[in-house]
Amino acid sequence: MFYFFIVQLLNIFIRICFPFEVKGLENIENIDGDFILCSNHLSNVDPLFFIVINFKIHRQKIYFLAKKSIFKNFFINCILDNMGAIPIDRRGVNNEKSLKRAENALRNKNSIGIFIEGTRSKTGKFLRPHSGAAFLAARTKSKVLPVCITPLHSHKVKIFRKTLISFGSPMLVLQDENPTIKEIKQVTVEIMRRIMDLRNLK
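Using the numbering used here, read the sequence shown as starting at 106 and increasing by one per residue.
Here it is as structure tokens:
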């Protein structure tokens with residue numbers, strides 16, 4: 106009930122303040138259950154786009170890996186926890202518990218949102234990808250849904266300016282639960298390439 110109420114408020118807020126257009130909607134409509142939504146990252150608003158879109162289509166919560174530092178306030182921590190945010194250390198330190206929680210969510214047929222660059226791009230250019238999405242996809246045999254966020258009038262997501270959300274075709278990646286580091290890196294590069302290609306198709 107709490108999640109449903111918050112999503113309704115977010116839907117009103119995002120559509121008024123941060124209008125968006127969706128391309129490739131059929132790609133998220135035709136995927137269900139455990140999938141990893143993997144996107145570039147430009148602003149603090151980015152997760153809200155996916156929370157609203159995913160709930161409208163699948164009527165379920167999408168869990169997000171979010172930087173650990175935003176969970177310090179008790180009140181904010183409670184809200185984020187109820188909204189499905191999973192704290193992660195961007196330095197890669199002591200993340201076993203968080204990754205296990207994300208893995209369990211996928212095994213329970215939920216979806217996970219991951220910003221593959223690990224941090225926001227201030228220039229709009231793509232940053233070096235991190236391997237968390239490829240690792241979780243291999244561990245759970247979940248499909249990866251590449252997504253690209255593209256502001257249409259700037260390199261930043263801005264209030265009252267339209268943003269394009271482009272969904273690509275789902276990817277079924279590694280089927281080995283214990284892939285090599287080389288294989289993880291190769292899949293990570295391929296996911297990033299798919300995201301970059303979506304911007305070129307705008």
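Note that the Cβ used here is the ideal one computed from N, Cα and C, for glycine as well.
Taken through DSSP and simplified to helix, strand or coil, residue 154 comes out as helix. As the crow flies, the alpha-carbon of residue 154 is around 15 Å from that of residue 129.
In this structure, 254 is the residue among 254, 171, 277, 166 with its C-alpha nearest to the C-alpha of residue 267. For residue 229, no alpha helix (DSSP H) encloses it, and the DSSP letter there is neither H nor E.
Counted as a single uninterrupted DSSP element, the beta strand (DSSP E) harbouring residue 142 occupies residues 140-144. By the C-beta criterion, the region 174-185 is judged not to be in contact with the region 215-231, since fewer than 3 inter-stretch pairs fall below 8 Å. Rounded to whole angstroms, the gap between the alpha carbons of residue 122 and residue 161 is 18 Å. For the pair of segments examined, the region 139-151 was found not to touch the region 181-192: the number of CB pairs separated by less than 8 Å stays below three.
Secondary structure note for residue 218: its beta strand (DSSP E) is the uninterrupted segment 216-220. Look at the beta carbons and you see the region 233-251 touching the region 269-288: at least three pairs across the two are nearer than 8 Å. In this structure, DSSP gives residue 203 a helical state, which the three-state scheme calls helix.
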